[in-house]
Amino acid sequence: MRFRTWALSLSIGLVLSQTSLATAAEFLSPHGVLEKASRRLRQNQLPSAADYAELETAIAVGNLDAFMDQKVLSYARSDRFAHGMTFRLLEDFEVLTSGNLGRNVWSRQPVPPYGEREDTLTRFFFKLAKENQSWDRLLTGTSYEVPIYETALVRFQGRTDPDFLRELLDGPNPSSQLDPVFVPRAPRHSRNLQEPARPEIKLLTFPERTPFLAGAVTTNRFFERYTNVALNKNRRRAAALFKIFLCDPMVPAIENGLDKKHEYLARAFPKEWSLSIQDIRTRLKSTDAEIHGHDAQCFSCHYKLDPVGQTFQASGLNLSRSLSPGALIYKNALGNKVDLPVSGINDLAHRITEQDDYVACQVRKFWRWFVGTDIPLDDSRLQQLVRIFNHMNHQPQDFAAYLTRTEEFRTFPRKIDRIDFSTVRPHLNRCDSCHHGVKTKSGDALPQFAMSFAQLQTDHRPWLLKMQERMNRTDFRRMPMDWQSWREDDLTSVRLWVQQSINDLAPEVAK
Amino acid sequence: MRCPQKTSGRCAPVVFYVMIAAVLGPFFAPATYAQSAKPSAQLQPPAKYSAPPVQWDLKTGEPIRLKFHDGRELVFKQSLLRPEWVSIPFTIYENTCQPQNIGQKGEHRIQILIVKVALVWSQHPDASKIGQTVKVKNPDGGFAPLDTTDFLPPTAFGRMPELSAQTESEEIQMEDFSWIPSHGLAAAPEELFVVRWEGEFMIDNAETSAPENRPIQGYAGVHLQKTSDRVLKITRIDQLLALFSNAFPFGDVVSMSIYDQKRTLCQVASKVDQGPLVREIRRLQAERTSVDQTLVYGRDSILSLWQSLESFQLMTLSPERLYSTLTETTNGVTTTHFVLTEVE
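Top line first, the protein sequences correspond to chains A and B.
Each residue of the first sequence is one higher than the last, beginning at 88 in my numbering.
Each residue of the second sequence is one higher than the last, beginning at 843 in my numbering.
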């Protein structure tokens, strides 16, 4: 109890000292560094009392560096690190589902709804982080743990992982193709409905370079998140690859909700907008410089999306062993055109991991996750870290631990005057996933925050005030409802942006 | 009418719901049915709820009966089982490997089965009730018959032994097959292998909940053989692809992925006229109103497509609609009780 009080006072003291020293001193104290490392590496968990005691001893005997090296590595080897990395990757892949599809279909069945039940992708992420596998396995991995639930009814809440991987689980066996993958179960009435369902985990391990596999990409959730239609030709999946692995923002040339949408659509389809892909292709071949295929804005994406999308062509509702050749084509950070033909999805995955842009992109992500977006990362430092990341064989535990031992990690964040909308837009998307279109008691429909707030107007102020009020509550009305799953930095960014926007929109008199 | 699945502001085609309803059932192997269909003692409500029990009477080779404590009795009955042919017109509008070779029209010919199943009074003190479909009390106070009319594609009813003689493979009929990559001739090739054959509909994305078009059903690894210059018939399907199980390549847009000689995977997309299928389903639904065939346990396999009595709940025809459920938690253990619903 005494120690807890001591730790609390230390923590408060630390916060106060950080605040007061923000302008005077440059670095966090050792206690502050330990706390920050623990939080970043272990899902916001504070160091234990014993950790602080060991720190005190290490300081006393002049062994601080060795102690910190050992401590951060132990944090990075913990389960909480693997959980944290899993969460970061789910967020990075944008598969943090709202999980409500089909929830009301059979409320009495015990199988968790889609997004809440165990899935191959989440297990893949966790295993990669826990076993400190090379980060490249995200793309090149060929081993999966497939949860199989003891019911087939779950398919109504989204396709199951076994269904997606069925050709791999069963092999091409026409006689068994008519029945879905499932395990017979007891009649409903003999089951305890409150007992959570436990899946059987089937391990699927394939040789390295299995041509139709590409780590986390060839999973059910990736395919479900980035769906495809005949018209789209897997460009959406290609865009996700560029975004996740090469940090290409892939901003659509035709952005929703902006005036330019009309301008670009008019360029693409001068006479009418409801044209087929064939019409678009005809225009691509046309010499008319004003149309879609020749428009620099449109072509800036399609030249790279189309050949990568082609590598997904063989798979759709299931993962196929068939291959579809394509190419990795894009302009790298140096402005040089990369043009590499690939035989299929695994070949593409390996080609991506060979790119300098891929390594730099992943290093920037680790920087964002562990050092923070509030500490700038310049090019020379980035190149230095790339070399270190390569030297560490892209192992996430080691590199994350290393980052927490850098000078920048110990540096006080620079003061940020204004939060840019692009910073909060992804978080507002999460709000929209539940709230968009919902009507209030007075009958007003909630705006789509991530879209409409891009250009703030006076009538947005009441919504912003409401958001602020809900974010500051401590009862069950607190928003976001799942605030515990949010990163503290993200919540702070949204809070600051909301306050800043309220101020911006304040009536002139108040200003 | 409330529109549960919007497509660009319009209700999704009726056939979409029909198909969803059609494919709900076939999840469990026949062996599972025998196991899960056994009468369960837990179906009887406990004494403190004082509702009279209803017992399943399942004996191989005999009608499937549902017996009330007072001697009343229900049996399962079905309408005539007869697959019908329907032609689904389509027009090819895109061909990624031969962009100019489009516009061909054809028909996807497929058998469908429309079957009505009902629970019918076989014993009742009021003789006029015998042969009538039982009606159960709805939450709104009215009474509704316990029956359902189901649509099944051949991938489902093709597994019913009694229909094997009447079941034929799907086929594509066209005047011009020159759209097939690396084929170039109007006459059908000797054989064709389709890597994927999928139909698209608009449904909610499982991850984001946003409604969007996507493939929801079809086949992978489809082997077709020529039966005439105008017809390619399916000889084998390696895998069914269905978000909702047991469907067939049908949707607003249907696309095929086919290799050309250079091993490029080409996409051939068609626009589909859903009208004929919808009209045929409606016609057959109107026609199959009487249920005059008594279902025999262990012999009639329509039930094996639904596989378990539980799955009937999904099909309107739910024995569980004969019960209300009550849930109570004692010492952390939650128990669900079943209480008899009012029937007539």
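Where a beta carbon is used, it is the ideal one built from N, C-alpha and C, also for glycine.
Do you know how far the Cα of residue j is from the Cα of residue i?
i               : j               : result
residue 401(A)  : residue 1037(B) : 7 angstroms
residue 480(A)  : residue 453(A)  : 14 angstroms
residue 946(B)  : residue 935(B)  : 8 angstroms
residue 1000(B) : residue 1136(B) : 21 angstroms
residue 175(A)  : residue 296(A)  : 26 angstroms
residue 167(A)  : residue 574(A)  : 15 angstroms
residue 1074(B) : residue 1030(B) : 7 angstroms
residue 920(B)  : residue 910(B)  : 21 angstroms
residue 794(B)  : residue 1115(B) : Here chain B comprises residues numbered 843 to 1186, so residue 794(B) is not present and cannot be evaluated.
residue 1106(B) : residue 389(A)  : 19 angstroms
residue 914(B)  : residue 902(B)  : 21 angstroms
residue 207(A)  : residue 1128(B) : 45 angstroms
Is the Cβ of residue i closer than 7 angstroms to any Cβ of chain B?
i              : result
residue 314(A) : yes
residue 473(A) : no
residue 120(A) : no
residue 525(A) : no
residue 532(A) : no
residue 581(A) : no
residue 137(A) : no
residue 182(A) : yes
Any beta-carbon of chain A closer than 7 angstroms to the one on residue i?
i               : result
residue 908(B)  : no
residue 1114(B) : no
residue 1129(B) : no
residue 943(B)  : no
residue 923(B)  : no
residue 852(B)  : Because residue 852(B) carries a pLDDT of 35, less than 50, the predicted location of this residue cannot be relied on, and the following value inherits that uncertainty. Residue 852(B) does not count as touching chain A.
residue 1126(B) : no
residue 1029(B) : no
residue 1010(B) : no
residue 876(B)  : Because the pLDDT of residue 876(B) is 29, which lies under 50, any placement of that residue in the model is unreliable, and the number read from its coordinates should be weighed accordingly. No, residue 876(B) lies away from the interface with chain A (no Cβ there is under 7 angstroms from its Cβ).
residue 1111(B) : yes
residue 1038(B) : yes
residue 1107(B) : yes
residue 915(B)  : no
residue 957(B)  : no
residue 1033(B) : no
residue 1004(B) : no
residue 1099(B) : yes
residue 962(B)  : no
residue 1095(B) : yes
residue 1186(B) : no
Using DSSP's beta-bridge definition, name the partner residues of residue i.
i               : result
residue 320(A)  : Paired residue(s): none; residue 320(A) is not in a bridge.
residue 536(A)  : Answer by DSSP bridge pairing: none, since residue 536(A) is not bridged.
residue 1114(B) : 932(B)
residue 230(A)  : 292(A)
residue 993(B)  : 956(B)
residue 1061(B) : 1039(B) and 1082(B)
residue 428(A)  : 414(A)
residue 905(B)  : 1138(B)
Can you tell me whether residue i is helix, strand or coil according to DSSP?
i               : result
residue 939(B)  : coil
residue 414(A)  : strand
residue 949(B)  : strand
residue 881(B)  : With a pLDDT of 37 at residue 881(B), under the threshold of 50, the modelled position of that residue is not reliable, and no figure is offered here.
residue 448(A)  : helix
residue 1080(B) : strand
residue 327(A)  : helix
residue 973(B)  : coil
residue 922(B)  : coil
residue 1136(B) : strand
residue 313(A)  : coil
residue 334(A)  : coil
residue 987(B)  : strand
residue 531(A)  : coil
residue 484(A)  : helix
residue 439(A)  : helix
Taking a cut of 9 angstroms between CB atoms, which residues from the region 399-412 of chain A lie near chain B? Residues passing the 9 angstroms Cβ filter: 400, 401, 402, 403, 404, 405, 407, 409, 410, 411 and 412.
Please list, in chain order, the residues of the region 1049-1083 of chain B that have any C-beta partner in chain A closer than 8 angstroms. Considering only beta carbons, the part of the region 1049-1083 of chain B lying closer than 8 angstroms to chain A consists of 1049, 1050, 1051, 1054, 1055, 1056, 1057, 1058, 1059, 1060, 1062, 1063, 1078, 1079, 1080, 1081, 1082 and 1083, in chain order.
Against chain B: residues of the region 290-319 of chain A by CB proximity under 8 angstroms: Answer set for the region 290-319 of chain A: 308, 311, 312, 314, 315, 316, 317 and 318.
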